[in-house]
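> In my numbering, the protein residues as written are 1498 to 1960.
Think of the CB as a built atom: it goes at the ideal place given N, C-alpha and C, for glycine as much as any other residue.
Computed from a predicted structure; not experimentally measured.
Structure below; questions to follow.
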Amino acid sequence: MLPASELVAGFASGAYDPVDAFDASVAAVKALDGEVNAMVMVDEAAGAASARESAARWKVGSPLSPVDGVPVTIKDIILTRGWPTLRGSRLVDEAGPWPDDSPATARLRESGAVIFGKNTTPEFGWKGVTDSLRHGVTRNPWDPSRTTGGSSGGAAATTALGMGTWSVGTDGGGSVRIPGSFSGIVGLKPTYGQVPVWPASAYGTLSHIGPMARTVRDCALLLDVLAQPDPRDWSCLPAPITSYADGLDGGVRGLRVAFSPDLGYGRNDPEVEAAVRSAVDVLASSGAVVDEVALELDDPADAFHTLWFAGAAKVLRAYGDDALERVDPVLAQAVSSFGLSATAADFLDATAVRMALGERMGELHRSYDVLITPTMPITAFAAGQAAPDGWPSQLWPSWTPYTYPFNMTQQPALTLPCGFSEDGLPIGLQVVGPRFADALVLRVGQAYEQATDWHTRRPPLLG
1498 MLPASELVAG FASGAYDPVD AFDASVAAVK ALDGEVNAMV MVDEAAGAAS
1548 ARESAARWKV GSPLSPVDGV PVTIKDIILT RGWPTLRGSR LVDEAGPWPD
1598 DSPATARLRE SGAVIFGKNT TPEFGWKGVT DSLRHGVTRN PWDPSRTTGG
1648 SSGGAAATTA LGMGTWSVGT DGGGSVRIPG SFSGIVGLKP TYGQVPVWPA
1698 SAYGTLSHIG PMARTVRDCA LLLDVLAQPD PRDWSCLPAP ITSYADGLDG
1748 GVRGLRVAFS PDLGYGRNDP EVEAAVRSAV DVLASSGAVV DEVALELDDP
1798 ADAFHTLWFA GAAKVLRAYG DDALERVDPV LAQAVSSFGL SATAADFLDA
1848 TAVRMALGER MGELHRSYDV LITPTMPITA FAAGQAAPDG WPSQLWPSWT
1898 PYTYPFNMTQ QPALTLPCGF SEDGLPIGLQ VVGPRFADAL VLRVGQAYEQ
1948 ATDWHTRRPP LLG
């Protein structure tokens, strides 16, 4: 459970080595994954070999990077050379040879990180909980009767339980932040293009790849690894000129913070609202200048549905005319209702809503450095369900109103724990910045994390 920032200090001093860290991660998987079902596969032999190679490099003082040897798992949406990428779907043929790494995987290998397994995802990462016909239900590390959220739910559960120090998730509408909030960890959806994506996502420029960790600093260190250009992604941004860990401890004194509890259209569980308001008070007491703002935004869910399910329809089209009959029934219904009927004019109208929202947020950030919201309006509900009991819609954007708008605007958005409900479930705080202000978002998260102890809490499954 050591953060990467401390783990590598032990590698450097010789107190322990990457083989010890890998062995501890695999031991946690063997002890705990039966409770949460977060791993699609573990390649113990490959991980052990990588850990031994890293240990040899540290022994002679020549690590490949400052994070050489850190154990990491990868969401099973992201290509990994030599391992199947099944995407949570029975439509995908497991047969090889699987010759390619996605950019995120390639950068991790180049850093010397020890990649040893892949995490569960709902079918094609389409929804905000993690269950699939192929791999079953992934459960919450704080209460296995609850969902861990999704679609990077397996990544969140492994990270929360020490089944690897880091994980890499994808986020097309909240898929890093939803499970981050439900599972009590830190997750960042970076500015679009900061982490290259290849192959290109059918969900287009809604789709991001982001780091998931137990601390803000670890999130920054993993982003350093991932945020390197790749020629296969023509839309990726230039490499950062400094580490995201630089300036992380700069604090929030004098920063202008806008707080919106609901973006104008959401509704929060009272425990969530209380925890987030307390978190805002912590930032104010740390020197931030905080204003509660009435944004009065219109909910962009209809536009998001058009963009999202048109992408999902594109995914399924590649698997034949009967694909709808062989996938998650709720996915099939949503694609039939929104994706297959969408016209080019509908798509352009949805894009216009997206552009107007981006303009509105750009105007907000002329006055405020960051925006604070709840990550989720609720805590984790029952596992195996698409929505909470009695919810008016089975579609996940209906119960995650604060995440998908920032995929539409491509802004960096961070979730980190800010409290727990009476029944012991994590509550998430979301920090949103203007595009390209990833370092600032991390800095605000670090200031809050350092002023509180929520990130030190451990799930009951750990004893």
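#1: With DSSP collapsed to three states, give me the class of Trp1805.
#2: Counting along the chain, where does the alpha helix (DSSP H) carrying Glu1532 start and finish?
#3: Does the segment 1526-1545 come close enough to the segment 1731-1749 that 3 or more CB-CB pairs lie under 8 Å?
#4: In the structure shown, what three-state DSSP assignment does Asn1904 receive?
#5: On the CB-based measure, 16 or more other CB atoms within 10 Å of its CB, does Lys1527 come out buried or exposed?
#6: From the DSSP output, read off the bridge partner residues of Val1539.
#7: What number of angstroms, rounded off, separates the C-alpha of Gly1633 from the C-alpha of Ile1738?
#8: Nearest-angstrom Cα distance between Gly1507 and Asp1514?
#9: Is it true that the CB of Pro1728 sits closer than 8 Å to the CB of Ala1736?
#10: What are the start and end residues of the beta strand (DSSP E) that includes Val1709?
#11: Provide the residue span of the beta strand (DSSP E) that contains Gln1882, from first to last.
#12: Measure how close the beta-carbons of Tyr1899 and Ala1776 come, nearest whole angstrom, since I'm counting them as under 8 Å.
#13: Secondary structure at Arg1643, three-state DSSP: helix, strand or coil?
#14: Going along the chain, which residues of its own chain have a beta-carbon closer than 7 Å to the beta-carbon of Leu1868, five neighbours each way excluded?
#15: What's the gap between the Cα of Trp1555 and the Cα of Ser1562?
#16: Just curious, the beta strand (DSSP E) that Ser1664 is in, first and last residue?
#17: Could you compute how far the alpha carbon of Ser1642 sits from the alpha carbon of Trp1896?
#18: What are the boundary residues of the alpha helix (DSSP H) that includes Gly1651?
#19: Output needed for Pro1889: all residues of its chain with C-beta closer than 8 Å, excluding positions within five of it in sequence on either side, in chain order.
The relevant details are as follows:
#1: Looking at Trp1805 - three-state DSSP - the assignment turns out to be helix.
#2: DSSP places Glu1532 inside the alpha helix (DSSP H), whose first and last residues are 1515-1533.
#3: In the pairwise beta carbon analysis, the segment 1731-1749 is classified as not touching the segment 1526-1545: fewer than three pairs are separated by under 8 Å.
#4: Helix at Asn1904.
#5: Here Lys1527 is exposed. Its C-beta has fewer than 16 other C-beta atoms within 10 Å.
#6: DSSP output for Val1539 lists Gly1614 as bridge partner(s).
#7: A straight-line Cα-Cα distance of about 42 Å links Gly1633 and Ile1738.
#8: Using only the alpha carbons, I get a separation of about 7 Å.
#9: It is not a contact, given that the beta carbons lie outside the stated cut-off.
#10: The question names Val, but residue 1709 is Met in the sequence shown. Its beta strand (DSSP E) spans residues 1705-1710.
#11: Segment: none, Gln1882 is in no beta strand (DSSP E) and carries neither H nor E.
#12: Ala1776 and Tyr1899 do not touch by the CB rule: their CB atoms are close to 14 Å apart, not below 8 Å.
#13: Three-state DSSP puts Arg1643 in a strand.
#14: Correct list, in chain order: Ala1755, Ser1757, Leu1861, Val1929.
#15: Taking the Cα positions, Trp1555 is about 10 Å away from Ser1562.
#16: In the DSSP annotation of this structure, the continuous segment of the beta strand (DSSP E) that includes Ser1664 starts and ends at 1663-1668.
#17: Cα to Cα, the separation comes out at about 19 Å.
#18: Run containing Gly1651: 1650-1657, per the alpha helix (DSSP H) assignment.
#19: Exclusion of the five residues before and after Pro1889 leaves Ser1895 as the residues of its chain whose Cβ lies within less than 8 Å of its Cβ.
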